[in-house]
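J.: Residue numbers (the working numbering): 3 to 325. Yeah, the Cβ is synthetic: ideal placement off N, Cα and C, and Gly gets one too. Here's a structure for you.
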């Protein structure tokens, strides 16, 4: 090309054009452009039709790994839900076992504490006439303790008891709950068992008979506090055992049961008792006892006489007829 650039300027214009045409036909794949003013030739090559373009990356040599995404089937989904359900049930059972264990431990602890402050025992109080001869009317009493929850016979004859003097003894079973400030005294009255309940928190004394119940205000003089009574009976302290007559009157009709007597007087009428101020002479048969109820609660043997008991029994008979 350097030769052409040197030789062509010395030729005439017509010869230069002829020479360029000759080169174009000779070299078909080359475009020649001659600038007459600058005497420079531009050579542009054409793409060859016989030469096939070769791609830089052969698709046949690209071994791509095809990953097929398969949707999760219902079986796999079922397994996952089942595993979650089993875990939930296991956790629930563990929590339930923990709660039950905690409740059992708490119940055991509270039961031990309550039994530690609950005392049971039985005691015999003499009722013979010789006690009336004593000036102080005091006599040492000591009970025989028993395990809480055991059944104690209200009247029992032991080797130390003389059957001939059994009727001269008032035998009582004490169930004292110091924490709840409650005393339950079971005793035989006129051949059938009767329970006296003294609730110091509610300030109520209840008499639980087989067919009916009575309630009245607690007498703080005749009824000794649970802790003091239990300690005195355990130590063999001297108690006032004089017999005290208490005339009372039942109020009609019966009243609803207070909370302290609700669990003991189920399906039984409850009559309030008040002091009977009026002097009423009540006729009794020769073999009838001089009292209706008797018990000892720490200060004197209380003999309770209900002045209108006959009226109360007649009231119950009339109600049974109307029912």
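Quick one: give me the first and last residue of the alpha helix (DSSP H) that residue 203 is part of.
T.: Neither: residue 203 is in no alpha helix (DSSP H) and is coded neither H nor E.
J.: Do you know how far the Cα of residue 191 is from the Cα of residue 252?
T.: 18 Å
J.: Who does residue 197 pair with in a DSSP beta bridge?
T.: DSSP, once it has assigned bridges, lists 188 and 210 as partnering residue 197.
J.: Could you check the C-alpha separation between residue 141 and residue 244 for me, to the nearest Å?
T.: 10 Å
J.: Considering residue 321, what are the terminal residues of the alpha helix (DSSP H) in which it resides?
T.: 311-324
J.: So, is residue 87 buried or exposed, given that buried needs 16 or more other C-beta atoms within 10 angstroms?
T.: exposed
J.: Per DSSP, residue 305 is paired with what?
T.: DSSP lists 247 and 296 as the bridge partner or partners of residue 305.
J.: How many Å lie between residue 233 and residue 178 at the Cα?
T.: 11 Å
J.: Going by the DSSP bridge assignment, what does residue 230 pair with across the sheet?
T.: Paired residues: none, contrary to the question.
J.: On a CA-only basis, which of 124, 270 and 309 is nearest residue 212? Give me that one, please.
T.: Considering only alpha carbons, the answer is 270.
J.: Check the C-beta distance from residue 202 over to residue 227 and give it rounded, since I have them as a contact under 8 Å.
T.: 7 Å
J.: Is residue 262 buried or exposed, if buried means 16 or more other CB atoms sit within 10 Å of its CB?
T.: buried
J.: Just curious, the beta strand (DSSP E) that residue 215 is in, first and last residue?
T.: 215-219
J.: Which residues bound the beta strand (DSSP E) around residue 329?
T.: Outside the shown range of the chain, which is 3 to 325, sits residue 329, and nothing can be said about it.
J.: Which value, in whole angstroms, describes the spacing of the CA atoms of residue 238 and residue 125?
T.: The C-alpha of residue 125 is placed about 11 Å away from the C-alpha of residue 238.
J.: Per DSSP, residue 274 is paired with what?
T.: 217
J.: In terms of residues, what are the limits of the beta strand (DSSP E) holding residue 140?
T.: 140-142
J.: Are the beta-carbon atoms of residue 318 and residue 246 separated by less than 9 Å?
T.: no
J.: Under three-state DSSP, which class holds residue 41?
T.: In this prediction, residue 41 has a pLDDT of 49, which is less than 50 and means its spatial position is unreliable; what the coordinates show is noted afterwards. Residue 41: coil per DSSP, three-state reduction.
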